[in-house]
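Take the sequence shown: its position 51, counted from the start at 1, is 51 in our numbering, and no numbers get skipped.
Don't be surprised by glycine CBs; every beta carbon is placed ideally from N, CA and C.
These numbers come from a predicted model, not from an experiment.
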Amino acid sequence: MNASLILSHKNIDHIYNLVQQILDSNFYIHINLKVNFVKIKKATSNIGNIFCVENRVDSKWARYSIVKDILNLMNYILQQDTRNKYFHLINSDDVISINEQVWDDSTIYMEYVGTGLFSRSKYFFIDSALSNILIKGGWFLYTLFFFIFLKREKDYRVNATFIIFVCFYFYENIFNGNLLLSIFLFMNFYNLLSKSYSLKNIG
C-alpha cells in the first residue's frame with residue numbers, strides 16, 4: 001500500500017477531495033503546531049484513509065524541526081499500518097498528478113545508473129551516455145590540462161583554458177549528482193597546485 005507523508009504549515013482544505021479519490025492509499029499529515037489542529041481533525045474525522053499525527057512540532061523552514069516532523073510521521077506510519085510499503089514525502093502544496101492505477105507493487109520506482117564507483121539517479125536532465133563521456137573523458141582531459149598548465153603556467157591562454165575547464169567539469173559533476181567526485185576533483189586540484197608552487201618556490 002502507498003503512504004503519502006504530508007508536511008503542512010497551513011490548512012489543507014484543498015486536498016480533502018483528492019484524498020477521497022485515491023482510496024487505495026493512506027495519507028498521513030503533520031500539521032504545524034501553529035495551525036488550528038482541531039478544525040482539521042474534525043474535517044478529516046469521516047475520511048477513512050487520512051490520518052493526522054498528534055505529536056506535532058512547531059517546525060520552521062530549513063531547521064532541524066523539519067527533520068523531527070518527518071521522524072514523527074515515519075514512527076506513526078510504521079506503528080499504524082504494517083501494510084504500508086511505499087512512502088512518498090510531499091508538502092501540502094504539492095499535487096498528485098497521476099492516477100493511482102499506474103502504481104505497480106512489483107516495481108521499484110527509483111533507478112540508478114552508474115559510471116563505476118559514482119552512481120546517480122536516472123532521473124536527471126543529462127543523458128546517461130553523455131554523462132559517461134563527460135565524467136571519464138573529462139577526467140582524462142583534466143589530467144592532461146594540468147600537466148600542460150605546469151609546463152606553461154606563464155601563458156595566460158593556457159591558464160584561462162585550464163581554469164574554465166576545471167570550473168565546467170566541477171559544475172557538470174555537481175549538476176549530474178556526482179557530489180563525491182566533485183569534492184575529490186576540487187581537493188585533488190588544490191593539493192596538486194599547492195605542491196607545484198611549493199616545489200617552484202624551493203627551486
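Cβ of residue i within 7 Å of any chain B Cβ
{"i": "GLN80", "result": "The structure shown has no chain B; it contains just one protein chain."}
Beta-bridge pairing of residue i - partner residues as DSSP gives them
{"i": "HIS30", "result": "LEU7"}
{"i": "SER92", "result": "Per DSSP, none; premise fails for SER92."}
{"i": "TYR86", "result": "ASN2"}
Supposed close pair residue i, residue j - CB separation, criterion 8 Å
{"i": "ILE90", "j": "SER4", "result": "6 Å"}
{"i": "TYR28", "j": "ILE47", "result": "Rounded, the Cβ-Cβ distance is 12 Å, inconsistent with contact."}
{"i": "ARG83", "j": "MET1", "result": "4 Å"}
{"i": "ASN49", "j": "LEU23", "result": "6 Å"}
Residue burial classification, residue i (beta-carbon count within 10 angstroms, cutoff 16)
{"i": "GLY203", "result": "Reliability of the predicted coordinates at GLY203 is poor, the pLDDT of 48 falling under 50, and no value is obtained from them."}
{"i": "ASN17", "result": "exposed"}
{"i": "ILE15", "result": "buried"}
{"i": "VAL53", "result": "buried"}
{"i": "LEU73", "result": "buried"}
{"i": "VAL19", "result": "buried"}
Same chain only: Cβ atoms within 6 Å of residue i, ignoring 5 sequence neighbours per side
{"i": "TYR123", "result": "At TYR123 the pLDDT is 49, less than 50, meaning the model places this residue with poor confidence and gives no usable figure here."}
{"i": "ASN55", "result": "ASN72"}
{"i": "HIS88", "result": "SER4"}
{"i": "ILE77", "result": "ALA3, TYR28, ASN84"}
{"i": "LYS41", "result": "CYS52"}
{"i": "ILE66", "result": "SER59"}
{"i": "ASP94", "result": "none"}
{"i": "SER92", "result": "ILE6, SER8, ILE12"}
{"i": "PHE37", "result": "ILE31"}
{"i": "TYR86", "result": "ASN2"}
Residue i: CB within 6 Å of a non-hydrogen atom of the ligand FAD
{"i": "LYS68", "result": "The model depicted lacks the ligand FAD and carries no ligand whatsoever."}
8 Å CB neighbourhood of residue i in its chain, flanking five on each side removed
{"i": "VAL35", "result": "SER8, HIS9, LYS10, ASN11"}
{"i": "ILE68", "result": "Looking at the sequence provided, one finds Lys at residue 68 rather than Ile. Hits under 8 Å: VAL57, SER59."}
{"i": "ASP13", "result": "ALA43"}
Close Cβ partners of residue i (< 7 Å) along its chain, the five nearest in sequence each way excluded
{"i": "GLN80", "result": "PHE51"}
{"i": "GLN21", "result": "none"}
{"i": "LEU33", "result": "ARG56, VAL57, ASP58"}
Identify every run of the beta strand (DSSP E) within the stretch 43-81, keeping only runs that are complete inside it and at least 3 residues long; order them along the chain. Qualifying beta strand (DSSP E) stretches, in chain order: 50-52.
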